[in-house]
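Everything in the sequence shown is counted per the UniProt record's numbering, starting at 1 for the first residue and increasing by one.
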Amino acid sequence: MSSVPVLYHAEASFYSQRARLSFAEKGIKYKSHVINLMAGEVHEEWFLRKINPKGQVPAMEHQGQFYRDSCDIIEYVDTLPSNKPKLCPDDSSDMSKKVGYYREKTGIHQCFCRLVWLIVPPSPDCQRLGSRFTAVGKNLTSLQEKSPDLVAGLSERKGNTDIIFDEEKVIAILNDVDGILGKSKRNCRNRKRDAEYWLCGKTFTIADIYLSCLLHRLTFVGQAERLFLSKRPLVTDYYNRVLLRKSFRKECVYANNMFWSMFMPMLRAKVKKARPFLFVVSAIAIGVIAYYKKEEIIDLGNEMFVKFRSLFPEVDTD
Numbered sequence: 001m002s003s004v005p006v007l008y009h010a011e012a013s014f015y016s017q018r019a020r021l022s023f024a025e026k027g028i029k030y031k032s033h034v035i036n037l038m039a040g041e042v043h044e045e046w047f048l049r050k051i052n053p054k055g056q057v058p059a060m061e062h063q064g065q066f067y068r069d070s071c072d073i074i075e076y077v078d079t080l081p082s083n084k085p086k087l088c089p090d091d092s093s094d095m096s097k098k099v100g101y102y103r104e105k106t107g108i109h110q111c112f113c114r115l116v117w118l119i120v121p122p123s124p125d126c127q128r129l130g131s132r133f134t135a136v137g138k139n140l141t142s143l144q145e146k147s148p149d150l151v152a153g154l155s156e157r158k159g160n161t162d163i164i165f166d167e168e169k170v171i172a173i174l175n176d177v178d179g180i181l182g183k184s185k186r187n188c189r190n191r192k193r194d195a196e197y198w199l200c201g202k203t204f205t206i207a208d209i210y211l212s213c214l215l216h217r218l219t220f221v222g223q224a225e226r227l228f229l230s231k232r233p234l235v236t237d238y239y240n241r242v243l244l245r246k247s248f249r250k251e252c253v254y255a256n257n258m259f260w261s262m263f264m265p266m267l268r269a270k271v272k273k274a275r276p277f278l279f280v281v282s283a284i285a286i287g288v289i290a291y292y293k294k295e296e297i298i299d300l301g302n303e304m305f306v307k308f309r310s311l312f313p314e315v316d317t318d
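Right, here's the structure in full:
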């Protein structure tokens with residue numbers, strides 16, 4: 001049982017970005033356990049049985065309790081000792097209703113690769129991700145057949161994955177996002193009078209966490225120009241300031257980088273998997289070198305011994 005929260009997350013995961021950002025905003029340390037989505041680590045039995053039966057990240061363990069939803073994680077992190085402002089304002093505060101509205105509306109999350117195919121030609125990066133989503137659906141079906149007791153949780157996961165390839169649902173989500181950003185633009189205009197303004201006030205709240213991660217994901221899937229860069233300068237200004245925020249740069253900015261968010265986790269997984277083999281090969285190589293170079297090694301040892309005796313003649317080596 002760890003005294004420090006243990007966060008199971010993935011660099012590129014939309015929900016994981018929210019959770020990591022909450023830790024950074026509150027200045028609270030956590031133990032990072034990176035889960036490789038591309039290798040299907042969320043579908044491994046140890047993860048499903050111990051960490052999250054739904055096969056999703058993020059998940060967090062702290063003092064024996066598990067939290068398996070980004071919203072729950074953020075709310076819990078907000079209760080931990082910190083000298084930073086509250087992410088979730090008290091219900092009695094004037095800011096609470098505004099935060100609640102944006103928190104609900106920006107909870108939309110299915111802004112993934114399928115959006116790119118509907119609006120603009122897909123980039124090679126998103127094409128590769130699209131093929132991974134197809135593979136995920138097949139893997140879930142296979143896993144359900146092998147482990148019937150995991151069907152309930154994985155069925156929900158498969159339903160979420162299916163939405164990505166449902167054109168009508170994705171278009172509806174895009175329309176909702178367009179409306180949300182229109183409302184955000186008006187609110188940003190109201191806050192523009194302040195030297196330091198965020199979505200609902202002068203402090204960065206859970207509403208800002210949700211909106212900033214949504215804008216970041218829209219940028220990744222190629223929808224930033226369509227939804228805010230070309231027609232909502234205040235939202236664009238908001239996003240640019242988010243990109244400069246220390247907490248966001250630390251925990252989220254590289255999530256849109258395919259090298260750091262996709263390639264590096266895959267490389268780490270391959271190295272980890274090959275570690276026993278590499279150890280054996282290295283041991284054999286060292287043994288072979290030692291066998292064929294044993295005379296040189298012995299001569300080197302004798303030479304070092306002689307030098308030692310010459311430097312410290314008074315030392316008794318017997």
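Ideal Cβ positions, reconstructed from N, Cα and C, are used throughout, including at glycine.
No experiment lies behind these values; they were computed from the predicted model shown.
*asked:* Using a 10 Å radius around the Cβ and a threshold of 16 neighbouring Cβ atoms, would you call K146 buried or exposed?
replied: As a first step, residue 146 is located in the sequence shown; it is residue number 146 there, counting from the start. A residue is called buried when at least 16 other Cβ atoms come within 10 angstroms of its Cβ; K146 does not meet this threshold and is exposed.
Q: With a 10 Å radius around its C-beta and 16 neighbouring C-beta atoms as the bar for buried, classify A290 as buried or exposed.
A: Your numbering for residue 290 matches position 290 in the sequence shown. Legend: pLDDT at A290 = 49, less than 50; position of this residue unreliable, value from coordinates given subsequently. When all chains shown are included, A290 counts as exposed.
- Message: On the CB-based measure, 16 or more other CB atoms within 10 Å of its CB, does residue 327 come out buried or exposed?
- Response: No statement about residue 327 is possible, as the shown extent of the chain runs from 1 to 318 and does not include it.
Backbone CA spacing between V170 and V177 [nearest angstrom]
As a first step, residue 170 must be located in the sequence shown, where it is residue number 170. As a first step, residue 177 must be located in the sequence shown, where it is residue number 177. Rounded to whole angstroms, V170 to V177 spans 10 Å at the Cα level.
Pair within 8 Å by beta-carbon distance, L21 and I209: Taking the first residue of the sequence shown as position 1, residue 21 is located at position 21. Taking the first residue of the sequence shown as position 1, residue 209 is located at position 209. Yes, the pair counts as a contact, with Cβ atoms nearer than the cut-off.
Practice task
Determine the direct distance from the alpha carbon of F47 to that of A39, and round the result to whole angstroms.
Solution key: Start at 1 with the first residue of the sequence shown, and residue 39 comes out as number 39. Start at 1 with the first residue of the sequence shown, and residue 47 comes out as number 47. Rounded to whole angstroms, the separation of the alpha carbons of F47 and A39 is 13 Å.
Given R239, which residues of its chain have a CB within under 6 Å of its CB, disregarding the five upstream and five downstream residues?
Within the sequence shown, numbered from 1, the residue matching residue 239 stands at position 239. For the record, residue 239 in the displayed sequence is Tyr; it is not Arg. Excluding sequence neighbours, Y239 sits near L215.
Taking contact to mean 3 or more Cβ pairs, one atom from each stretch, closer than 8 Å, check whether the segment 11 to 30 and the segment 68 to 86 are in contact. Contact between the segment 11 to 30 and the segment 68 to 86 is present, because at least three Cβ pairs lie under 8 Å.
- prompt: Roughly how many whole angstroms lie between the Cα atoms of L229 and H62?
  reply: Sequence index remark: in the sequence shown, residue 229 carries index 229 (1-based). Sequence index remark: in the sequence shown, residue 62 carries index 62 (1-based). Roughly 40 Å separates the two Cα atoms.
Cβ-based burial, R18 [other Cβ within 10 Å; buried from 16]: Residue numbering aside, residue 18 sits at position 18 when the sequence shown is read from its first letter. Classification of R18: buried, given that the 10 Å Cβ count is 16 or more.
query: Who are the near neighbours of I180 in its chain, counting only those whose CB is closer than 7 Å to its CB and skipping five residues on each side?
result: Residue mapping note: residue 180 aligns to position 180 of the sequence shown, counting from 1. Taken in chain order, the residues that qualify are K105, T106.
- [ ] Let me know the secondary structure DSSP gives S16 once reduced to three states.
- [x] In the sequence shown, counting from the first residue as 1, residue 16 sits at position 16. It is helical.
- Query: When you compare only the Cα positions, how much space is there between M258 and A12?
  - Reply: Counting from one through the sequence shown, the residue named residue 258 turns up at place 258. Counting from one through the sequence shown, the residue named residue 12 turns up at place 12. For M258 and A12, the distance between alpha carbons rounds to 8 Å.
Checklist entry - Taking the alpha-carbon positions, what's the G182 to E225 distance? => result Indexing the sequence shown from 1 puts residue 182 at position 182. Indexing the sequence shown from 1 puts residue 225 at position 225. C-alpha separation (whole angstroms): 14 Å.
Exercise. Start and end of the alpha helix (DSSP H) containing E104?
Worked result: Along the sequence shown, one-based indexing puts residue 104 at 104. That run of the alpha helix (DSSP H) goes 96 to 105.
Subject >> Helix, strand or coil at Y30 [DSSP, three-state] >> reply: Translated into positions along the sequence shown, residue 30 becomes position 30. Reduced to three states, the DSSP call for Y30 is coil.
Practice problem: Starting from W66, follow the alpha helix (DSSP H) in both directions and report where the run begins and ends. | Solution: As a working note, residue 66 is residue 66 in the sequence shown. Note that residue 66 is Phe in the sequence shown, not Trp. Premise fails: F66 lies in the beta strand (DSSP E), 65 to 67, not in any alpha helix (DSSP H).
Just to confirm my understanding: we take G201, look at its own chain, exclude 5 residues before and 5 after, and list those with CB closer than 7 Å. What are they?
Indexing the sequence shown from 1 puts residue 201 at position 201. Excluding its 5 nearest sequence neighbours in each direction, G201 has C-beta neighbours in its own chain below 7 Å: M95, listed in chain order.
**Prompt:** Within this structure, are the beta carbons of L227 and Y102 separated by less than 8 Å?
**Reply:** Within the sequence shown, residue 227 is the residue found at index 227, counting from 1. Within the sequence shown, residue 102 is the residue found at index 102, counting from 1. No, the Cβ-Cβ distance between L227 and Y102 is not below 8 Å.
Where does F112 sit, in a helix, a strand or coil, going by DSSP?
Numbered from 1 along the sequence shown, position 112 holds the residue referred to as residue 112. At F112 the pLDDT is 46, less than 50, meaning the model places this residue with poor confidence and gives no usable figure here.
Proximity below 8 Å, CB of P89 to CB of T205: Position 89 of the sequence shown, counting from 1, holds the residue named residue 89. Position 205 of the sequence shown, counting from 1, holds the residue named residue 205. It is a contact, given that the beta carbons lie within the stated cut-off.
### Message
Here's the rule: buried if 16 or more other CB atoms are within 10 angstroms of the residue's CB, otherwise exposed. What is L218?
### Response
If you number the sequence shown from 1, residue 218 lands on position 218. Classification of L218: buried, given that the 10 Å Cβ count is 16 or more.
- Task: Indicate whether V4 and K29 have their beta-carbon atoms separated by less than 8 Å.
- Result: Locating residue 4 in the sequence shown gives position 4, where the first residue counts as 1. Locating residue 29 in the sequence shown gives position 29, where the first residue counts as 1. Yes; because the gap between Cβ atoms is below 8 Å, this pair is in contact.
Got a sec, what are the start and stop residues for the alpha helix (DSSP H) E75 sits in? Here residue 75 refers to the residue found at position 75 of the sequence shown. 70 to 79 is the span of the alpha helix (DSSP H), which, as asked, contains E75.
Requested in this report: Could you check what DSSP says for M258 in three-state terms: helix, strand or coil?
Outcome: Stepping through the sequence shown from its first residue, residue 258 is reached at position 258. Of the three classes helix, strand and coil, the one that applies to M258 here is helix, per DSSP.
The beta strand (DSSP E) enclosing Y8, as first and last residue numbers | Sequence index remark: in the sequence shown, residue 8 carries index 8 (1-based). Looking at the DSSP string, the run of the beta strand (DSSP E) that includes Y8 is 6 to 9.
In chain order, what residues of the same chain have a beta carbon less than 6 Å from the beta carbon of M60, not counting five sequence neighbours either side? Taking the sequence shown and counting its residues from 1, one reaches residue 60 at position 60. Within the same chain, M60 has close Cβ partners P5, L7, Y67, I73.
- Query: When the Cα atoms are used, what is the spatial distance from V99 to E251?
  - Reply: The residue given as residue 99 occupies position 99 in the sequence shown. The residue given as residue 251 occupies position 251 in the sequence shown. So the alpha carbons of these two residues sit roughly 22 Å apart.
Next item on the list: Would you list the residues sitting across from residue 333 in a DSSP beta bridge?
Entry: This structure leaves residue 333 out entirely; the chain is present only between 1 and 318.
What are the start and end residues of the alpha helix (DSSP H) that includes D237? As a working note, residue 237 is residue 237 in the sequence shown. It spans 233 to 244 - the alpha helix (DSSP H) in which D237 sits, taken as one unbroken run.
Collapsed DSSP secondary structure at W198 in the structure displayed:
Taking the sequence shown and counting its residues from 1, one reaches residue 198 at position 198. In this structure, W198 counts as coil in the three-state DSSP scheme.
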